[in-house]
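Shown next, in structure tokens, is the structure this report addresses.
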Amino acid sequence: SAWYLLAICYSLAILLGFLGNCMVLHAFPVPGVLKKKNVQYILMMNLAMIDNLIILMQGLPTVGVLFADKWPFKIGICHVLALIKHTFFYMKLFSVTLLAVHKGYTMMCPFKTLSLKKKKVPTATLR
């Protein structure tokens with residue numbers, strides 16, 4: 047009975063986390079509100095997508111194990127899921143670090159970031 051309570055708690059956390067991240071993904075691209083995509087926008091969208099992938103790739107097999115009381119998949123899938131979990135973890139860590147560095151840079155040098163945004167970057171066109 048303790049296993050079922052744990053499985054229900056995991057299921058609830060997975061559902062709430064997934065729905066919360068889907069709300070974030072849905073709320074960001076509101077037309078007309080955000081004219082240009084900036085660095086913070088891209089990093090926050092990246093975090094929400096990575097969170098959803100972590101929830102799906104790690105949460106659902108955990109609940110399956112708790113309900114089935116054994117690992118229902120082959121051993122290869124176990125290793126692949128561990129690799130995916132660590133990859134997503136480091137992607138999320140990198141995104142949060144970039145977000146913090148960008149915030150710090152804009153607070154330390156606010157006018158420099160404005161001048162960087164105004165510079166035109168030459169682009170090559172193929173003819």
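Counted from 1, the sequence shown has number 54 at position 8 by the working numbering; the numbering is strictly sequential.
Note that beta-carbon positions come from the ideal geometry of N, C-alpha and C, so glycine has one too.
From a predicted model like this one, the values you see are computed outputs, not experimental measurements.
| Where do the ends of the alpha helix (DSSP H) carrying Q86 lie? | Residue range 85–100 is occupied by the alpha helix (DSSP H) that includes Q86.
| If you run the structure through DSSP and keep just helix, strand and coil, what is P156? | DSSP, read as helix, strand or coil, puts P156 in helix.
| field | Contact set for D97: own chain, Cβ-Cβ below 8 Å, skip 5 residues either direction | value | The answer, listed in chain order, is G63, N67, K138.
| said: Using only CA atoms, which one of A73, I100, F140, L112 lies nearest to A128? | reply: Checking every option, the nearest Cα to that of A128 belongs to I100.
| Under the three-state reduction of DSSP, which class applies to W117: helix, strand or coil? | Correct three-state label for W117: coil.
| said: Taking 7 Å as the threshold (beta carbon to beta carbon), is T152 in contact with chain D? | reply: Checking the listed chains, one finds no chain D in this structure; it contains a single protein chain.
| said: Could you tell me the alpha carbon to alpha carbon distance between F140 and L93, rounded to whole angstroms? | reply: Spanning the two alpha carbons is a distance of roughly 10 Å.
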